[in-house]
Amino acid sequence: MDRITLLASLTKDANSLVDVGCDHGYVAIKALEEYGVRHAYLLDVNEAPLENARRNVINKNLLTQTTFILSNGLKEFDEEKDTLVIAGMGGILISTILNDSLEKVKKFKRIILAPNNEVDKLRAFLIRNHLVFDDEHLIKDGKKCYEIIVCHYDDKIKTSYSLLDMKFGPILRKKNLPLFAEIIEKKKTLLNECLKKANDEDGKAKIKVELAMIQLLKGAKNGK
Ligand SMILES: C[S@@+](CC[C@H](N)C(=O)[O-])C[C@H]1O[C@@H](n2cnc3c(N)ncnc32)[C@H](O)[C@@H]1O
Numbered sequence: 673m674d675r676i677t678l679l680a681s682l683t684k685d686a687n688s689l690v691d692v693g694c695d696h697g698y699v700a701i702k703a704l705e706e707y708g709v710r711h712a713y714l715l716d717v718n719e720a721p722l723e724n725a726r727r728n729v730i731n732k733n734l735l736t737q738t739t740f741i742l743s744n745g746l747k748e749f750d751e752e753k754d755t756l757v758i759a760g761m762g763g764i765l766i767s768t769i770l771n772d773s774l775e776k777v778k779k780f781k782r783i784i785l786a787p788n789n790e791v792d793k794l795r796a797f798l799i800r801n802h803l804v805f806d807d808e809h810l811i812k813d814g815k816k817c818y819e820i821i822v823c824h825y826d827d828k829i830k831t832s833y834s835l836l837d838m839k840f841g842p843i844l845r846k847k848n849l850p851l852f853a854e855i856i857e858k859k860k861t862l863l864n865e866c867l868k869k870a871n872d873e874d875g876k877a878k879i880k881v882e883l884a885m886i887q888l889l890k891g892a893k894n895g896k
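Heads up: the sequence shown begins at 673 in this note's numbering, then just goes up one per residue.
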């Protein structure tokens, strides 16, 4: 399965999907065609991707099940819908989009986030704002690996997340995925190589913190 298909599959049977940063519109198209989603709202901050998405939707004869909105994040979207997707952007940009429309975000039943980077910073934002982790996925698409977070807002659930949860994912780190173990091992090797080459104390200290986190992760896994 590729990243787009996994994202679409996570929207399964949604009455309404809101895809912020839809670009080509492939996630919404797949969700409508294959995963029983009834209507998709395709949002993008730029005209060109929105037009691209519209062309792709027309080619698939899905125009009646779609609405296109030029919008920075959710700012121009005021309807209450059930499923939100924000994928293919940096973790900090995703956090900003969520933060700018937090009251709207809280109303979605299912929120699917696929950051390209800075996943730990996005997790920290989610934890601070009572977004509860329902699931996490890891997928290799081409040469890159992607993390996907499924969450929803609930300030009544008292879940306490640790530093390891924030860094590696509260669900992901407990799933025992071979791909997860492979990524951690590669990261460890890379960090050790960087440590050998580093010549400033600040840089070395940062690498050591990252290595210590990996050590802690392994310790936690072995019940230490
Ligand atoms: C790399 S594409 C990701 C496309 C698709 N979501 C995916 O995961 O394959 C990022 C898209 O997000 C859009 N974008 C960036 N910042 C945005 C914002 N603040 N609000 C809405 N869309 C944004 C860009 O215009 C671009 O089309």
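Just so it is clear, CB atoms sit at the ideal spot from N, CA and C, and this is done for glycine as well.
Unbroken beta strand (DSSP E) runs of no fewer than 3 residues, entirely contained in the stretch 689-746, are found at 711-716, 738-742, following chain order. Out of Glu723, Gln737, Leu863, Tyr713, the CA that lies nearest to the CA of Glu705 is found in Gln737.
Beyond the five residues adjoining it in sequence on each side, Thr739 comes within less than 6 angstroms, by CB distance, of Tyr713 in the same chain, given in chain order.
Inclusion of Val757 and Leu679 in the CB contact set at 8 angstroms is warranted, their separation being smaller than that value.
By the CB criterion at 8 angstroms, Leu851 and Leu889 fall outside the cutoff. By the CB criterion at 8 angstroms, Ile843 and Glu808 fall inside the cutoff. Remark: C-beta atoms of Leu883 and Leu863 approach each other more closely than 8 angstroms.
Annotation: Lys812 is outside any alpha helix (DSSP H); the continuous beta strand (DSSP E) that includes it extends over 803-813. Between the beta-carbon of Ala786 and that of Ile820 there is about 5 angstroms, and that keeps the pair under the 8 angstroms contact cut. Taking 8 angstroms as the cut-off, the Cβ atoms of Leu722 and Ile784 do not count as close.
Under the three-state reduction of DSSP output, Ile879 falls in the helix class. Taken through DSSP and simplified to helix, strand or coil, Lys816 comes out as strand. The three-state secondary structure of Gly760, taken from DSSP, is strand. Under the three-state reduction of DSSP output, Ile821 falls in the strand class. For Phe780 and Ala720, the gap between their C-alpha atoms comes out near 27 angstroms.
Of all C-beta pairs linking the stretch 820-839 to the stretch 795-803, three or more are shorter than 8 angstroms, placing the two stretches in contact. According to the DSSP secondary-structure assignment, Thr755 is paired through a beta bridge with Leu689, Arg782.
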